[in-house]
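Below you'll find the structure, written out as structure tokens, and then a few comments.
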Amino acid sequence: MAAPHNGSNITANYTNQFVQPPWRVALWSVAYSSVLAVAVFGNLIVIWIILAHKRMRTVTNYFLLNLAFSDASMAAFNTLINFIYAAHGDWYFGEAYCKFHNFFPVTSVFASIYSMTAIAVDRYMAIIHPLKPRLSAKATTGVIVCIWSLAVVLALPLCYFSTTKTLPHRTLCYVAWPRMSDDPFMYHIIVTVLVYLLPLVVMGITYTIVGVTLWGGEIPGDSSDNYHGQLRAKRKVVKMMIIVVVTFALSWLPYHVFFIVTGLNKRLSKWKYIQQVYLSVLWLAMSSTMYNPIIYCCLNSRFRAGFKRAFRWCPFIKVSSYDELELRSTRLHPTRQSSMYTLSRMDTTMVVVYDPAEGDGRCTLHLFLPEAMDERLQSAELCLALYVALSLALKVLELILAFGYVTIVSNTFPGN
């Protein structure tokens, strides 16, 4: 997933057609730095929320942990490197990193989308077949190991055939396929099918069945007095995951279309605007790594409480009693499959709910205080305010880096 250099023509042109004016490089550097900062920072907080709070250690959240790890790694190791190479057409990082640079993105994207697929299948089993055994912690770990193992196998050809070539004015990092005329296009078609189309079809089918069940009928096995509360909880989880999947699909669609079109019409690689088109679709694909933390924070109360705890040092972020209880593990063992108990004393209400949608066999203790209820209603606004403040702080840092980067580029290419 490096810049689109045609390996068959690498020696045909010794001049660097990819040099851009400094102002354009500065704009792109700010855009890519934004993705890097939000993706790495946001996904690391997601990982902390899941690992630091026992209540968050569910089957679904273990897959979300794997998804956050792959997204953070992709952003950290490939986003800026991809941009620098695509912007200048010159490889500065050596042959070893060239192999890793081509190998890791496919591995990471495979792990990301199949983590989403595993969540879709798990939601399907929990809602359509609630009486069947759920995945244990060991089984979940085994699935994650299998996902990464298959990802490594799929990406191995890129690592094996990647190499660098030094030309008079620049160095290239590319995949030297045995048959340069056919192999790159065929491999990308295989990757598109296995890492994009196939999992999206599986998730589309499973979420369609789950959606019809949740929004159009009764959940099998559920007939308790808390049926509607459980239904709302399950709908929230499914709705959040559908948004995650759709966001991923839309972010990567232009990237795959770009490589299919340029593979079918190789003359497009000579088009003077091809670099700007590639930088645009690459940015959109890389941006898929930063959206999930924002989605979790806005649509899931527990992740929102975790983000508020992570940013409690901010003067405008207040962690309420409700937020503390959202992440606190409380185990109870009701006699019925689904039950709710309410204890009221003066102006404080304690509600104990067993929610099979979580799939971890635990009860949920909620202590509702009047002020906590008010803050819960405002949590979405607080979440957005949090990211606005974070973005403003990052923008200041990015502008400083951008000006420094422009200075370096101007000194390197004084004629531009």
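Residues 4 to 419 in this note's numbering are what the sequence shown lists, from first letter to last.
All residues carry an ideal CB built from backbone N, CA and C; glycine is no exception.
Three or more Cβ pairs closer than 8 angstroms define a contact, and the segment 100-118 meets that threshold against the segment 65-80. Distance from the CA of residue 129 to the CA of residue 95, rounded to the nearest whole angstrom, comes to 49 angstroms. Comparing alpha carbon positions, the residue from 44, 313 and 85 closest to residue 103 is 85. The C-alpha of residue 153 is placed about 15 angstroms away from the C-alpha of residue 199. Under the three-state reduction of DSSP output, residue 95 falls in the coil class, being neither helix nor strand. Per DSSP, the unbroken beta strand (DSSP E) holding residue 169 starts and ends at 165-169. Residue 143 sits in a helix when the DSSP states are folded into three classes.
Here DSSP, grouped into helix, strand and coil, assigns residue 330 to coil. Here residue 119 has 248 as same chain residues with Cβ atoms under 6 angstroms from its own Cβ, once five neighbours each way along the sequence are excluded. For residue 258, the three-state secondary structure derived from DSSP is helix. DSSP places residue 177 in the strand class (E or B) of the three-state scheme. By a beta-carbon distance limit of 8 angstroms, residue 117 does not contact residue 286. Their separation comes to about 24 angstroms. Counted as a single uninterrupted DSSP element, the alpha helix (DSSP H) harbouring residue 279 occupies residues 277-302. Excluding five sequence positions before and after residue 49, the CB atoms of its chain that fall closer than 6 angstroms to its own CB belong to 71 and 296, given in chain order. Residue environment: residue 169 is assigned as exposed (fewer than 16 neighbouring CB atoms within 10 Å of its CB, all protein chains considered). Take the alpha-carbon of residue 255 and the one of residue 291: they are about 8 angstroms apart. Secondary structure of residue 218 (DSSP, three-state): helix. With fewer than 16 other beta carbons inside 10 angstroms of its own, residue 189 counts as exposed. When C-beta atoms of the segment 311-328 are compared with those of the segment 272-286, fewer than three pairs fall below 8 angstroms, so the two segments do not count as touching. Separation of residue 25 and residue 89 (C-alpha to C-alpha, rounded to the nearest whole angstrom) is 14 angstroms. Taking residue 215 as reference, the option from 234, 257, 203 and 201 with the minimal CA-CA separation is 234. A contact is defined here as three or more CB-CB pairs under 8 angstroms, and the segment 155-166 meets this definition with respect to the segment 174-181. The distance from the Cβ of residue 309 to that of residue 56 is about 7 angstroms, consistent with a contact at the 8 angstroms cut-off.
When only Cα atoms are considered, residue 246 and residue 298 end up about 8 angstroms apart. Cβ contact annotation for residue 294 (same chain, cutoff 6 angstroms, sequence separation greater than five): 250, in chain order.
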